[in-house]
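For the sequence shown, full-length UniProt numbering assigns the number 1 to the initial residue and increments by one for each residue that follows.
Here the structure is laid out as structure tokens; the discussion comes afterwards.
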Amino acid sequence: MALSLSLTPVSPASFTESTLTDLFALSLDLINTLPSRTSPPPAPSTRISWSPGKSDAETKLWKATVEKEPWIARVTDVADIAYDELRRRLVTEKSATEKAALLGEKDEIEIVSQKLTFGEMTTYDVHKLLHIQAFSAREFLEAIICKEFPEQDGQKKQCVIVSLPREGQIKDASHAHGVYVSVDVIRDLGDGKSEVIMACCSDARGNIPRWVQNMAMAAQILADGQKFFKYMRGHPQAKENGSSA
């Protein structure tokens, strides 16, 4: 069965070399629809109408409706953090970095399993427990798939991380079962410069109405990016042998 960038939970049993290859192609096609890119990528086969959102000095936000769902994208040109460092933090040490930079004291993130799939693709099953202010706690079950694409045919080296909602039962039935889909891309622009792109769609469910989530989503995505890069610049010497994702 083909995989898609949707909020419908998937089974890791559906991961094959063919379905994952198609998923990465679909993910890059989505990312390549974003306008105003540094060193523009190949023209996508998909047409998505993105509108600009709130931005800061190094990050541009974009909004679009994709398959009737609201998506937010964040494009950041990073002049002072090299590609290899970003890749390590967003792949090898993804969970540890996310926990330190973005999550609260009560929040949890656990790698349920990790394996190398088809030689060049790494997959992770991840469980998250998040607390959102006065609302009930939320659990997220995620399947995260990572692949690095070498520089070829004039295109920059890049690493792609896709997160899909995973089938399964949450640990506490009193918690809301949220769902989240995202695509992260790190591109090596050379001379120590990088481009970091993230596009996502989510539904926290529970007692937070979807329209309230949609209103708050853009500001949260921008703030998370600011926190992440602030953390990166304040902690430049991470261990090389981290095993989190």
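All residues carry an ideal CB built from backbone N, CA and C; glycine is no exception.
None of these values were measured; they are calculated from a predicted model.
For the beta strand (DSSP E) containing residue i, list its first residue and its last residue.
{"i": "residue 75", "result": "69 to 78"}
{"i": "residue 64", "result": "59 to 66"}
{"i": "residue 187", "result": "176 to 190"}
{"i": "residue 138", "result": "138 to 149"}
{"i": "residue 253", "result": "Shown here, the chain extends from 1 to 245; a query on residue 253 therefore has no answer."}
{"i": "residue 164", "result": "158 to 165"}
With DSSP collapsed to three states, give me the class of residue i.
{"i": "residue 170", "result": "coil"}
{"i": "residue 8", "result": "coil"}
{"i": "residue 106", "result": "coil"}
{"i": "residue 95", "result": "helix"}
{"i": "residue 55", "result": "coil"}
Grab me the residues of residue i's own chain with a C-beta within less than 8 Å of its C-beta, minus the 5 sequence neighbours each way, in chain order.
{"i": "residue 213", "result": "202, 203 and 204"}
{"i": "residue 50", "result": "33, 34, 35, 62, 63, 64 and 73"}
{"i": "residue 221", "result": "61, 72, 74, 198 and 200"}
With a threshold of 16 other CB atoms inside 10 Å of the CB of residue i, please say whether the residue is buried or exposed.
{"i": "residue 217", "result": "buried"}
{"i": "residue 8", "result": "exposed"}
{"i": "residue 233", "result": "exposed"}
{"i": "residue 80", "result": "exposed"}
{"i": "residue 152", "result": "exposed"}
{"i": "residue 211", "result": "exposed"}
{"i": "residue 68", "result": "exposed"}
{"i": "residue 147", "result": "buried"}
Just to confirm the assignment, what range does the alpha helix (DSSP H) spanning residue i have?
{"i": "residue 43", "result": "Unbroken run through residue 43: none, as it is neither H nor E."}
{"i": "residue 85", "result": "83 to 87"}
To which residues of the same chain is residue i closer than 6 Å at the C-beta, ignoring the five residues directly before and after it?
{"i": "residue 41", "result": "32"}
Take residue i and list the residues in its own chain whose beta-carbon comes closer than 7 Å to its own, dropping the five residues that flank it on each side.
{"i": "residue 186", "result": "83, 86, 87, 90, 158, 159, 194 and 196"}
{"i": "residue 16", "result": "none"}
Runs of 3 residues minimum, wholly inside the region 108 to 136: which ones carry the beta strand (DSSP E) assignment? For the region 108 to 136, whole beta strand (DSSP E) runs of length 3 or above, ordered along the chain, are 108 to 117 and 121 to 130.
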